[in-house]
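Residue 1 is where the sequence shown starts when you use our numbering, and the numbers rise one by one after that.
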Amino acid sequence: MSNENLTAVENNYGADQIQILEGLEAVRKRPGMYIGTTSSRGLHHLVYEIVDNSVDEALAGYCTEIEVTLNKDNSVTVEDNGRGIPIGIHPKAGIPAVEVVFTVLHAGGKFGGGGYKVSGGLHGVGASVVNALSNWLEVEIFNEGNVYMQRYERGNVVSKLAVARPCKKSKTGTRVTFLPDDTIFEETVFDYDTLKTRLRETAFLTKALKITLRDERTKEKKENTFHYEGGIKEFVTYLNKSKTALYEKVIYCEGQNNGVYVEVAFQHNDSYNESTFSFVNNIITPEGGMHLTGFRNAITKTFNDYARKNKLLKEKDENLTGDDLREGLTAIISVKIEDPQFEGQTKQKLGNSEARGAVDSVTSEQLTYFLEQNPSIAKIIVEKALLAQRARAAARHAKEATRRKGALDSFKLPGKLADCSDKNPENCEIFIVEGDSAGGSAKEARTRTTQAILPLRGKILNVEKARVDKIYANAEIKTMITAFGTGIQDDFDISKLRYHKIIIMTDADVDGAHISTLMLTFLYRFMPELIKQGHVYLAQPPLYKVERNKKVWYAYSDDELNKILAEIGRDGNNKIQRYKGLGEMDAEQLWETTMDPERRILLRVAFDEETESEVDLTFTTLMGDKVEPRREFIEANAKFVKNLDI
Ligand code: TSJ
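If you want it as structure tokens, here you go:
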């Protein structure tokens, strides 16, 4: 018997309580089973698990404010102004309900009134898991002029629930503070920006809820407050802020149908990309599902009906397709449902078929009415879709023409490509290299069996500002599509990928960064699976070469340069060369520093699907044409780099 259990017996806990401790012990033994991962991502999930409980209280109508504070000791405090977790004795467990919440797995929502209506087994269940994975956790409940307090360590009760101090009689709510267990998590330092993005999203999704995030760890205290009366309507405005909207209003539909609460908001912009994000109970569904299908059906049907009825589409005209109508669309679909079923390989796809009907009927009904009330907006959208229809036909022709010429066939590989000889894609990598001269060195340096080189001339097309027909007509892009072998968009087939590593190799300067971003934008918009499945990398050429007494060091950052100099001594015997571009390195240097799998540094490009809306915003902000948001972005933070993993 473990020590924890002995303690429990001495404290006169019954058999039930011993079961509880064994339950939480299971969480500590296999944390991955309960929070997915013990990486930084899992660490941040602890905060979301706790915050979700407060959000449920807000959805039930009893809480208007949540505050999240990162404390100096790296513990986190989450406080809400809800009713407070019930402190009465739980009839079955014979202990205070709050203690059940923190010590019984999946205890959330099993008591009380209708408070957890929409939690559906997703919210309000994580408190005991967080407790089990925390060094210590303290809960304070503000109730009738008293603050009730209880403390736990590694999931175990160390003090009975008791009044700790008085408080204002009118104050109600719950405050939880916990320190993640550093023997369980690989990373225990919270990242302010990660929490900020997620909490902003939560505030958008929960109309009128005010969420404040504070950082008390640093000298300069940080604080952000998110409070959106317009909810997802304001989310759409936020996502479109660096684009040019085609009309001022955000179209918004809301309603309840078949036990599903539906909210939909959208607005078109002058770009050619769709940015739609769907959520179930505030959780993003990266693979969509029934709610997304319902939305798409409603959009296609309602706009075609309207366009026919109002003669914007003539009898001989073909119907507008969903793709036509969604060109330049920014949309949020949010449903709240009692018992969500998740499907698909990664369980990120909503399976409840009632959600399809509900979103379809709420959207169709209210959108029909909206279009009748706003004929000028209706006309703008239909005309945009008609242009898209024509461009799509042109693109089809362009594609067919290129196909006829065989330019997209992988057996007609582009002449500029120096291909590798190994035919197993798993062993192969392709370097996309900026400029012919660097391309030349790379071709000389490479391992011919497994490394292919594709030099690109100049800047590639900015796909944020071009339609599909232009994209098919662009030589550099065509070359890449052919070399990769997968095709793009609807034709995309990952099983045809010819290289498992696609490595973008550009100069370590501003121009190089710009070219990398253009490349990534192209991949993100047209072959997102390549990024999602981790096939895309950025090469890291060194910034400096240091020579001393015939010995050579390479530094990949200023910090590293300083470290090297500190080690070898800063005197006249050092020769320091700053690399301005790949072209300054000869083939051997390029191999040693940037291409040799044994010695190089590669950054794998990754993005967190949970905050995909932020990734989308990153690309449109970096590549869009509004200058102001871009400056703000670059000054605020090179967020982009945050999406990179080594
Ligand atoms: F997860 C948690 F338990 F740690 C936690 C819960 C953490 C935080 C910061 C807040 C909460 C929480 C729980 N806030 N509000 C509530 N509400 C209830 O637990 C509650 C209150 C009253 C009734 C009722 O029917 O009277 C029902 C519930 C579920």
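Note that beta-carbon positions come from the ideal geometry of N, C-alpha and C, so glycine has one too.
Spatial neighbours of residue i in its chain, beta-carbon cut-off 6 Å, leaving aside the 5 residues before and after
i: residue 140; result: 147, 149 and 175
i: residue 360; result: 294, 297 and 298
i: residue 261; result: 336
i: residue 197; result: 611 and 614
i: residue 217; result: 70 and 72
i: residue 502; result: 430, 535 and 536
For residue j and residue i, the rounded distance between their alpha carbons
i: residue 84; j: residue 229; result: 24 Å
i: residue 620; j: residue 456; result: 23 Å
i: residue 63; j: residue 300; result: 38 Å
i: residue 461; j: residue 432; result: 15 Å
i: residue 563; j: residue 29; result: 40 Å
i: residue 414; j: residue 591; result: 24 Å
i: residue 205; j: residue 334; result: 7 Å
i: residue 70; j: residue 292; result: 36 Å
i: residue 379; j: residue 307; result: 8 Å
i: residue 267; j: residue 467; result: 19 Å
i: residue 366; j: residue 528; result: 33 Å
i: residue 521; j: residue 470; result: 15 Å
i: residue 169; j: residue 560; result: 57 Å
i: residue 513; j: residue 536; result: 15 Å
i: residue 550; j: residue 597; result: 24 Å
i: residue 556; j: residue 605; result: 18 Å
i: residue 480; j: residue 412; result: 12 Å
i: residue 613; j: residue 284; result: 10 Å
i: residue 558; j: residue 544; result: 8 Å
i: residue 164; j: residue 142; result: 10 Å
i: residue 541; j: residue 510; result: 14 Å
i: residue 259; j: residue 237; result: 28 Å
i: residue 376; j: residue 312; result: 12 Å
i: residue 282; j: residue 103; result: 25 Å
i: residue 444; j: residue 194; result: 42 Å
i: residue 113; j: residue 373; result: A caution first: residue 113 carries a pLDDT of 33, below 50, which makes its placement in the model too unreliable to give a value.
i: residue 54; j: residue 173; result: 9 Å
i: residue 548; j: residue 566; result: 13 Å
i: residue 617; j: residue 574; result: 44 Å
i: residue 526; j: residue 488; result: 5 Å
Contacts around residue i, its chain only, beta-carbon distance under 7 Å, and the 5 residues preceding and following it disregarded
i: residue 428; result: 420, 422, 450, 452, 498, 499 and 500
i: residue 638; result: The predicted model places residue 638 with a pLDDT of 35, which falls under 50 and marks its position as unreliable; any figure quoted below should be read in that light. Nothing meets the Cβ criterion.
i: residue 39; result: 186 and 187
Chain-order list of residues whose beta-carbon lies under 8 Å from that of residue i (same chain, five-residue window excluded)
i: residue 324; result: 385, 386, 388, 389 and 392
i: residue 58; result: 64, 66, 80, 82, 206 and 209
i: residue 302; result: 363, 364, 367, 368 and 371
i: residue 111; result: Unreliable placement is indicated for residue 111, whose pLDDT of 34 sits below 50; the coordinate value is still reported in the next sentence. If we look at residue 111 and ignore the five residues flanking it on each side, its Cβ neighbours are 86, 90, 97 and 100.
i: residue 571; result: none
i: residue 588; result: 445
Proximity test, residue i beta-carbon vs ligand 2 heavy atom, cut-off 7 Å
i: residue 134; result: By its list of ligands, the structure shown excludes ligand 2, since it contains just ligand 1.
Contact under 8 Å by Cβ, residue i with residue j
i: residue 328; j: residue 272; result: yes
i: residue 523; j: residue 515; result: no
i: residue 47; j: residue 76; result: yes
i: residue 246; j: residue 270; result: yes
i: residue 277; j: residue 44; result: no
i: residue 235; j: residue 211; result: no
i: residue 582; j: residue 505; result: yes
i: residue 157; j: residue 50; result: no
i: residue 200; j: residue 181; result: no
i: residue 134; j: residue 24; result: no
i: residue 399; j: residue 472; result: yes
i: residue 486; j: residue 496; result: yes
i: residue 263; j: residue 289; result: no
i: residue 554; j: residue 517; result: no
i: residue 224; j: residue 358; result: no
i: residue 483; j: residue 568; result: no
i: residue 552; j: residue 576; result: no
i: residue 274; j: residue 356; result: no
i: residue 603; j: residue 538; result: yes
i: residue 586; j: residue 441; result: yes
i: residue 250; j: residue 222; result: no
Short CB-CB distance (under 8 Å) between residue i and chain B
i: residue 398; result: Absent from the structure: chain B. Only one protein chain is present.
Just to confirm the assignment: which complete beta strand (DSSP E) runs, minimum length 3, are found wholly within the stretch 52-92? Complete beta strand (DSSP E) runs here, min 3: 65-70 and 76-80.
Of all the beta strand (DSSP E) runs that stay within the bounds of the stretch 275-342, which reach a length of 3 or more residues? Unbroken beta strand (DSSP E) stretches of 3 residues or longer found wholly inside the stretch 275-342: 275-280 and 329-336, given in chain order.
Scan the stretch 453-509 and note each continuous beta strand (DSSP E) run of 3 residues or more that stays entirely inside, going in chain order. Look at the stretch 453-509 and you find these whole runs of beta strand (DSSP E), each 3 residues long or longer: 501-505.
Tell me the start and end of each unbroken alpha helix (DSSP H) in the stretch 343-403 that is at least 4 residues and wholly inside, in chain order. Qualifying alpha helix (DSSP H) stretches, in chain order: 353-373.
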